[in-house]
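S.K.: This is the structure, below, for whatever I ask next.
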């Protein structure tokens, strides 16, 4: 959760590659880890009706944990009302249990019902903190239907951060 706040949330200047490098994230090729490669294939598909996204991936060690971040930048909407955004996806493939509910106490936005991925429940918040449009969390258990279908397991935490108009 701290990685999301610092890298893509309210404490971030901008979730740009340069900002992430300053926070200790190192660029990594998606193929460096089989789970990251599979996540990349699934999570880098652009929104319907949006322009193609640019993507980059990063890795950082936090104690004994290795976490990955996929950063996408793009634009959605129509010519009269479009929004540029960063979409951050933080993944911990070593996680064996879901995050405690206390981890989410800081998100003050309205929690919305969200469809999970097969048997992987999903939690979603809209406008959880200033500067963040939405946050979603899923835990994909090892050996679950979702893990089999997606090709990876662990924590998946995402945030959509609008880029202010210049």
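Residue numbers (the working numbering): 2 to 167. Built from N, CA and C at the ideal position, the CB exists for glycine as well. This one's a predicted model, so the numbers in the text were calculated from it and none came from an experiment.
In the DSSP assignment, the alpha helix (DSSP H) including residue 104 goes from what residue to what residue?
M.R.: No alpha helix (DSSP H) contains residue 104, which DSSP labels as neither H nor E.
S.K.: With the cut-off set at 8 Å, would you say residue 156 and residue 119 are in Cβ contact?
M.R.: No, the Cβ-Cβ distance between residue 156 and residue 119 is not below 8 Å.
S.K.: Rounded to whole angstroms, what's the CA-CA distance from residue 37 to residue 123? Just pull it up for me.
M.R.: Rounded to the nearest angstrom, the two C-alpha atoms are 20 Å apart.
S.K.: Please classify residue 22 as buried or exposed, where buried requires at least 16 other C-beta atoms within 10 Å of its C-beta.
M.R.: With fewer than 16 other Cβ atoms within 10 Å, it is exposed.
S.K.: For the alpha helix (DSSP H) containing residue 18, name the first residue and the last one.
M.R.: First-last of the alpha helix (DSSP H) with residue 18: 18-23.
S.K.: Can you tell me where the alpha helix (DSSP H) with residue 39 in it begins and where it stops?
M.R.: 35-44 is the span of the alpha helix (DSSP H), which, as asked, contains residue 39.
S.K.: In chain order, what residues of the same chain lie with their CB nearer than 6 Å to the CB of residue 134, ignoring the 5 residues before and after it?
M.R.: Excluding sequence neighbours, residue 134 sits near 161, 163.
S.K.: Which residue wins for smallest C-alpha separation from residue 56, given the options 77, 26, 31?
M.R.: Of the listed residues, the one whose Cα sits closest to residue 56 is 31.
S.K.: Should residue 146 go down as buried or exposed, given a rule of 16 or more other Cβ atoms within 10 Å for buried?
M.R.: Exposed, since its Cβ has fewer than 16 Cβ neighbours within 10 Å.
S.K.: Leaving out the 5 sequence neighbours to the left and right, which residues in its chain are closer than 6 Å to residue 35 when beta-carbon positions are compared?
M.R.: Same-chain partners within the cutoff: there are none.
S.K.: Threshold first: 3 residues or longer. Then list the beta strand (DSSP E) segments lying entirely within the region 112-141, N to C.
M.R.: If we require 3 residues or more, the beta strand (DSSP E) runs fully inside the region 112-141 come out as 123-130, 133-141.
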